[in-house]
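Undergrad:
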Amino acid sequence: MIKLKVLSPDDRLLASSELGEEVSAVLAGGYAGGERILVETSRAGVLLDIQLEDSMPWERVYVPGASLVFFVPPLERRPNYSPRAFVGNSHLLRAREVPPEEAEKRRNLARNAYDQHENDTFYPHAHANVETRNEAVFAARNAIDGIYANSSHGNYPYQSWGINRDPNAALTLDFGRAVRADEVRLTLRADFPHDNYWVSAVLHFDDGTAETLSLVRTAQPQCFAFAPRLVRTCTLDTLIPADGPSPFPALTQFELWGTEA
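Here is the structure:
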């Protein structure tokens, strides 16, 4: 059983749902930024489908504890979100527990448009050792938000993971539990000639194995299948740029395909 709540920065209850297996809550009023959206669960370790903002997609996430917490970003931290997100005076929020027969399907295990720096309560979660100028439009979470627009750079829908020209840049995906992965798909930012691209990268898994990926100059997703393995985290690093005048390679989407373990 699950319950949705919206709390103000000073912990006032602004909206809530009934308790159920599939729930909805309506916030009658606007967001100022700093509000917390909670999805409380009656047991730990559940797979949920969530839509915490009705201008954003449903996402499938894993909640290891008793609740999921999402912080509504203030306006100045939303350039990587749709300009329709978190605005207006009526907001529909929804959540449901994923039935076992649906949980078994193969999918992109990395996608989570609700991920953010503060997230440590639901997965997948992306984090990096560098983000260009610490700007939201170059944050690690942009690489798992499910948006593939890569012909430009900057504000929505062209957000990406930017590495600030750091040769040691690395992006890690944390799944919060073991998953069975068998394919990675990378979509490079392709704002040519502003952008460069990587000719190779290495994907390291927490089981000690790794895959070396040979990349080309294209705007399309680049797909690499590998032997299935159980992983909790994986890190993309050893990013080797192509020779050329641009110093700005970047990543638009990072997908890891597989199934629940």
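Counted the way our numbering counts, the sequence shown spans residues -3 to 257. Don't be surprised by glycine CBs; every beta carbon is placed ideally from N, CA and C.
#1: May I ask you to verify whether the region 211 to 221 touches the region 153 to 172, counting CB pairs closer than 8 Å and requiring at least 3?
#2: If you draw a straight line from the alpha carbon of N164 to that of V22, how long is it in whole angstroms?
#3: Hey, V198 and A257: beta-carbon distance below 8 Å or not?
#4: Compute the distance between the beta-carbons of L184 and T248, then report whether it is under 8 Å.
#5: Give me the Cα-Cα distance between P224 and A106, rounded to the nearest whole angstrom.
#6: Could you check if I236 is buried or exposed, using at least 16 other CB atoms within 10 Å of its CB as the buried criterion?
#7: Quick one: residues in its chain with C-beta nearer than 7 Å to the C-beta of H200, no 5 flanking neighbours on either side, listed in chain order?
#8: Which runs of the beta strand (DSSP E) spanning at least 3 residues fall entirely within the region 181 to 206, listed in chain order?
#9: Among G240, Y152, Y27 and V133, which one has its Cα closest to the Cα of P189?
#10: P96 lies in the alpha helix (DSSP H); which residues open and close that run?
#11: Can you give the beta carbon distance from Y258 to Y110, rounded, assuming they're within the 8 Å contact cut?
#12: Looking at C-alpha atoms only, which residue of H87, V126 and N104 is the closest neighbour of D50?
#13: Per DSSP, N260 is paired with what?
#14: I need the straight-line Cα distance from V42 to P95, nearest angstrom please.
#15: Do you know offhand how far T255's Cα is from R173's?
#16: Between T208 and I159, what straight-line distance do the alpha-carbon atoms span, to the nearest angstrom?
#17: So, under 8 Å CB-CB, L182 and Q218 are touching, yes? Tell me the CB distance rounded to an integer number of Å.
#18: Report the CB separation of S4 from L89 in whole angstroms; it is logged as a contact under 8 Å.
#19: May I have the straight-line CA-CA distance separating S210 from S196, to the nearest angstrom?
#20: Can you say whether R137 is buried or exposed, counting buried as having 16 or more other CB atoms within 10 angstroms of its CB?
#21: Is the beta carbon of L10 less than 8 Å from the beta carbon of E36?
#22: Less than 8 Å between the C-beta atoms of I33 and L48, yes or no?
#23: Return the chain-ordered ranges of every beta strand (DSSP E) run that is complete within the region 54 to 96 and spans a minimum of 3 residues.
#24: Does DSSP classify I(-2) as helix, strand or coil?
TA: So, from the listed chains and residues:
#1: no
#2: 44 Å
#3: no
#4: yes
#5: 16 Å
#6: exposed
#7: A206, C230, T231 and D233
#8: 194 to 201
#9: G240
#10: P96 to A99
#11: Residue 258 is absent from the model: the chain starts at -3 and stops at 257.
#12: H87
#13: Here the chain comprises residues numbered -3 to 257, so residue 260 is not present and cannot be evaluated.
#14: 10 Å
#15: 12 Å
#16: 19 Å
#17: 5 Å
#18: With 8 Å as the limit, S4 and L89 do not qualify as a contact, their Cβ atoms being about 15 Å apart.
#19: 5 Å
#20: buried
#21: no
#22: yes
#23: 55 to 59, 63 to 67 and 86 to 93
#24: strand
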